[in-house]
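Data first, discussion second: the structure below is written as structure tokens.
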Amino acid sequence: MNTLVINPGYPVEVSHFTRALAQVGGRVLGIGDTPPGALAPEVRHVLADYLHVRSLWDEAAVLDALRTWPAARALDRVESLWEPAMMLAARIREAFGLPGMSCATTNLFRDKEAMKAALDRAGIRTPRHRRAGSESEIRAAAEAIGYPLIVKPIAGAGSADTHRVDDPEALERCLRAVRHVAEVSVEEFIEGDEFTYDTICGGGRILFRNVSWYRPRPLEQRTLEWVSPQTIALRRLDHAELAGGVEMGPRVLTALGFESGFTHMEWFRKPDGEAVFGEIGARPPGARSTDIMNFCCDGDVYTAWAEAVTYGRVSQPMERRWNAAIVFKRAAGAGRITRIEGLGRWLARYGRNVVSVDLLPVGAPRRNWKQTLLSDGWVVVRHPELQATLEIADRFGTDVRMYAE
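In numbering that gives the first Met the number 0, the protein residues as written are 0 to 404.
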């Protein structure tokens with residue numbers, strides 16, 4: 000099977016999916032605006048051919064380039080694992096008559112209001128919501144929905160440009176902050192814990208599923224610098240607390256017409272136990288979440304995805320053996336990392352449950368924590384028991400400190 004991967008080396012996780020396609024026997028082609036010589040060696044070596052274009056965002060030019068590219072004459076599939084390029088992938092499929100998500104289906108995964116409207120029609124609980132394209136429309140939506148509420152881009156990923164609004168004064172501040180966003184979704188703020196429901200599907204069947212728990216909620220992770228954000232891939236998916244989201248997930252996929260690939264859904268569990276849909280992407284999650292799925296199962300979700308989209312199956316066992324948590328660390332101060340305290344003591348106590356340590360070294364410049372959840376590094380820990388996993392993760396957050404100046 001000849002599969003075209005859009006931007007085969009970016010973000011970095013995409014390179015692992017590209018490699019996996021080749022490993023399961025596929026012939027992998029790439030297209031992107033990265034010069035061929037700038038592709039990572041592990042990406043270059045698995046590509047049968049690569050088409051370099053000036054810009055992926057000039058769709059007409061991309062389609063023209065593909066029509067004159069000899070390798071494109073034998074395409075079987077087009078894959079985009081990067082949110083911004085999903086609609087381009089759909090347009091290529093339609094132009095070349097290839098299977099996979101159409102533009103109409105892709106729009107349901109990109110446009111948060113179209114997404115929620117489709118789920119409303121399917122009887123799935125979503126936050127009360129409205130589309131708004133001007134300040135007056137945002138104010139009207141806020142009045143109709145009531146405070147507190149959330150304002151976020153119609154077609155965004157992660158928590159970028161997402162604002163909690165508690166009163167009219169906060170709304171005015173929010174209006175100034177989102178002036179650069181063409182269209183937003185104004186929705187009811189849901190109080191409760193936030194989880195994921197992630198899947199790998201093939202031929203309309205769920206072949207692998209994962210539930211992760213965000214601690215704290217992503218909006219708090221993005222607004223409180225002192226927090227050490229956690230994402231925990233949960234070992235047991237049969238907990239009563241997860242039942243609402245686990246039952247909701249397949250219904251969402253059916254309502255949106257998803258058949259093959261990776262999905263990443265976020266949902267809320269309210270204090271009264273009600274499960275409320277958040278949003279969904281037809282792509283894998285970022286921030287190393289695919290890695291903790293692997294550590295949870297002692298498996299390889301990259302290869303599982305490649306098999307699913309190529310053959311409609313997953314051959315490897317994906318037994319959930321561990322709770323696996325990734326914990327991100329933010330240094331105190333600005334500038335370059337000057338010291339790391341407490342890491343040795345923490346490793347001495349919990350080292351047998353630590354599977355990865357990737358912190359910025361002394362002398363490295365701090366990352367901008369508002370632009371990347373990866374912050375100044377991370378650790379991955381795992382344990383069969385959830386409470387033990389939480390203790391190890393929490394102690395890393397409280398006992399290990401990084402400093403910069």
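Just so you know, even glycine gets a beta-carbon here, dropped at the ideal spot from N, CA and C.
Computed from a predicted structure; not experimentally measured.
The C-alpha of I91 lies about 10 angstroms from the C-alpha of A59.
Taking the CA atoms as reference points, R329 sits about 19 angstroms from E390. One Cα belongs to H162, the other to I149, and the distance between them is close to 6 angstroms. With a threshold of 16 other beta carbon atoms within 10 Å, Q370 falls short and is exposed.
Taking C-beta atoms as the reference points, T302 and R76 fail to come closer than 9 angstroms. In the displayed model, M292 falls within a helix according to three-state DSSP. If you draw a straight line from the Cα of D375 to the Cα of P40, it is about 26 angstroms long. Setting aside the 5 residues that flank it on each side, V45 is surrounded in the same chain by T17, R18, A21 and V27, each with a C-beta closer than 7 angstroms to its C-beta; the list follows chain order. About 7 angstroms separates the beta carbons of V380 and V354, which is inside the 8 angstroms limit, making them a contact pair.
By DSSP's assignment, T198 forms a beta bridge with R208 and T262.
In this structure, E306 is the residue among E306, A140, N322 and A323 with its C-alpha nearest to the C-alpha of Q315.
In this model, L236 and S135 are separated by some 43 angstroms (Cα to Cα).
For the alpha helix (DSSP H) assignment, the uninterrupted runs of no fewer than 4 residues enclosed by the region 123-204 are, from N- to C-terminal side, 134-144 and 167-176.
Rounded to the nearest whole angstrom, the CA to CA distance from G396 to E340 is 12 angstroms. Taken atom to atom, the span from the alpha-carbon of V356 to that of E193 is near 25 angstroms.
For A176, same chain residues with a beta-carbon under 7 angstroms away, outside a window of 5 residues either side, are H162 in chain order. In the structure shown, M85 falls within a helical segment according to DSSP collapsed to helix, strand and coil. Cβ-Cβ distances below 8 angstroms link V313 to I199, G201, L206, F207, A303, E306 and A307 in the same chain, with the five nearest sequence neighbours on each side left out; the list follows chain order. DSSP places V11 in the helix class (H, G or I) of the three-state scheme. Within the same chain, R214, A324, V326 and A392 come within 6 angstroms of Q229 by CB-CB distance, once the 5 residues on both sides are set aside. Judged by DSSP in its simplified three-state form, E340 adopts strand.
P167 and E384 have their C-alpha atoms some 44 angstroms from each other.
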